[in-house]
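Engineer: Below you'll find the structure I mean.
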Amino acid sequence: MSGKFVISLDFELLWGVRDHADRTSYGANVLGARQAVPRILDLFAENGIRATWATVGFLFCETKDELIAALPDARPAYDNPRLSNYGYLEEVGKDERSDPYYFGASLIDAIQKTPGQEIGTHTMSHYYCLEDGQTLAAFEADLVAARKLAEQRRIALKSIVFPRNQFTQAHLEVCARHGISHYRGNPIGWAYRATKGAEQTPARRALRLLDAYSGVLGSQAFQPGHDEPIDVPASRFLRPCSGRLAALHPPHLAVIKRGMTVAAKAGRGYHLWWHPHNFGRGLDANMAGLKVIIDHFADLRERFEMQSLAMEDF
Ligand SMILES: [Zn+2]
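The numbering of the sequence shown is the numbering used here, which starts it at 2 and goes up by one.
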């Protein structure tokens, strides 16, 4: 069996980071993400790359009126109110032109028009499945609202990426009831296990960082799951090339290339993921890094018939 190279992007703009950042602290990255999306799409199109764009439902709306009308009645009541994106609706502008941080319909159009791209969901509101105060009922309402918005654009959501990679078996069962056939699970091991934010300790983060630049925890080449929804687990987060860690980008890319080669030779999967806003600063350097990875994939396609797949293809 040939190896499979999977890419998924968590497309969220400011909604994905609002609990710890805002326009002032992270706005440049968000605006940079808007430049990154078309360049990533061009690179994918030129190289026959399929990818899943797991998109926050709020981004589908063209205006604030449309957003307000699409909100579900049941909303997450997290113990920590900062986590709820419903708490930031007051600061949202009128439409995408006046507020490019919170709206993304034109970018979703561009993704839809690019061959080979799957649009999946990153939940309606960037929902946190493991945070205290959330309920299955609120999660289900969130997912139903996201599906409705997507259907208005003739998109049937099949794949989900859970925000902060938080989920339980019960959340998966809700997904299965609503047409979601694929999800991105977490890499194997203690450092990558799904937890609520408070349990993401410095030790876990440090081990993930070490692994990103050394590959010490292994290739993370995967075999997909069998149960529905099907687990298409993450192999590695493509870290941004920026700031103090820019010098370490080449070894990081080398870790990714080694993992891809393992998957290609063994007929396994390799699943790379990141957020467009990770490319938001230093776009050229980040695009150059991605090009290195795509060129490596083209080589593996040539030598081992490795395939480029979206999550829904499994
Ligand atoms: Zn996210």
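We put the beta carbon where it would ideally sit given N, CA and C, even for glycine. Because the structure is a prediction, the values reported are computed rather than measured.
If you check the beta carbons only, do ALA222 and GLY260 fall under 8 angstroms apart?
Structural biologist: For ALA222 and GLY260, yes; Cβs fall inside 8 angstroms.
Engineer: Which of the three DSSP states, helix, strand or coil, is assigned to LYS104?
Structural biologist: Before going further, note that residue 104 is Phe rather than Lys in the sequence given. Coil at PHE104, not helix or strand.
Engineer: Closest to SER160 by C-alpha separation, out of ARG148, MET307, ALA29, TYR271, would be which residue?
Structural biologist: It is ARG148.
Engineer: Please state whether the Cβ-Cβ distance between VAL7 and VAL233 is less than 8 angstroms.
Structural biologist: Yes; because the gap between Cβ atoms is below 8 angstroms, this pair is in contact.
Engineer: Do the CB positions of MET307 and SER3 come within less than 8 angstroms of each other?
Structural biologist: Cβ atoms of MET307 and SER3: closer than 8 angstroms.
Engineer: When you compare only the Cα positions, how much space is there between HIS183 and PHE45?
Structural biologist: Approximately 22 angstroms, taken between the alpha carbons.
Engineer: To the nearest angstrom, how far is the alpha carbon of HIS278 from that of GLY17?
Structural biologist: So the two alpha carbons sit approximately 10 angstroms from each other.
Engineer: Looking only at its own chain, which residues have a Cβ that is under 7 angstroms from the Cβ of HIS253, when we skip the five neighbours before and after it?
Structural biologist: Closer than 7 angstroms at Cβ, skipping near neighbours: ALA213, TYR214, ARG240.
Engineer: What are the start and end residues of the alpha helix (DSSP H) that includes GLY290?
Structural biologist: Its alpha helix (DSSP H) spans residues 284-305.
Engineer: Report the residue from SER9, GLN36, PRO164, ARG76 whose alpha carbon sits nearest the alpha carbon of ASP285.
Structural biologist: With distances taken between Cα atoms, ASP285 lies closest to GLN36.
Engineer: Along the beta strand (DSSP E) that carries ALA52, what are the first and last residues, could you check?
Structural biologist: Segment 52-56, the beta strand (DSSP E) holding ALA52.
Engineer: Should the segment 62-80 be regarded as contacting the segment 138-153, the criterion being three or more beta carbon pairs within less than 8 angstroms?
Structural biologist: Yes, since at least three Cβ pairs between the segment 62-80 and the segment 138-153 fall closer than 8 angstroms, the two stretches touch.
Engineer: Quick check on DSSP: helix, strand or coil for PHE45?
Structural biologist: Looking at PHE45 - three-state DSSP - the assignment turns out to be helix.
Engineer: Under the rule that 16 or more other beta-carbon atoms within 10 Å means buried, what is GLU152, buried or exposed?
Structural biologist: Its Cβ having fewer than 16 others within 10 Å, GLU152 is exposed.
Engineer: Can you tell which of LEU310, ASN81, GLN113 has its C-alpha closest to the C-alpha of PRO39?
Structural biologist: Out of LEU310, ASN81, GLN113, GLN113 has the C-alpha closest to the C-alpha of PRO39.
Engineer: What is the DSSP secondary structure of ASP228, counted as helix, strand or coil?
Structural biologist: If DSSP states are grouped into helix, strand and coil, ASP228 belongs with coil.
Engineer: Is the closest heavy atom of ligand 1 to the C-beta of GLU13 under 7 angstroms?
Structural biologist: Answer for GLU13: yes, Cβ within range of ligand 1.
Engineer: Return helix, strand or coil for ARG76, following the three-state DSSP convention.
Structural biologist: In the structure shown, ARG76 sits in coil (DSSP, three-state: anything other than H, G, I, E or B).
Engineer: If I follow the unbroken beta strand (DSSP E) through TYR128, where does it start and stop?
Structural biologist: No beta strand (DSSP E) holds TYR128; DSSP gives it neither H nor E.
Engineer: DSSP three-state label for GLN153, please.
Structural biologist: It is helical.
Engineer: Buried or exposed, going by whether 16 or more other CB atoms sit within 10 Å of the CB of GLU133?
Structural biologist: This sequence places Asp at residue 133; Glu is not what is there. Classification for ASP133: exposed.
Engineer: For a quick check, are the C-beta atoms of ALA311 and GLU13 less than 8 angstroms apart?
Structural biologist: Not in contact: ALA311 and GLU13 (Cβ atoms no closer than 8 angstroms).
Engineer: Does the Cβ of PRO77 lie closer than 7 angstroms to at least one heavy atom of ligand 1?
Structural biologist: No, the beta carbon of PRO77 sits no closer than 7 angstroms to any heavy atom of ligand 1.
Engineer: Assign PHE163 to one of three DSSP states: helix, strand, or coil.
Structural biologist: Here PHE163 sits in coil by DSSP.
Engineer: Please classify GLY317: does DSSP put it in a helix, a strand, or coil?
Structural biologist: No answer is possible for residue 317: the residues shown for the chain start at 2 and end at 315.
Engineer: Suppose contacts are defined by Cβ-Cβ distances below 8 angstroms. Is ARG185 in contact with SER9 by that definition?
Structural biologist: Cβ distance < 8 angstroms, so ARG185 and SER9 count as in contact.
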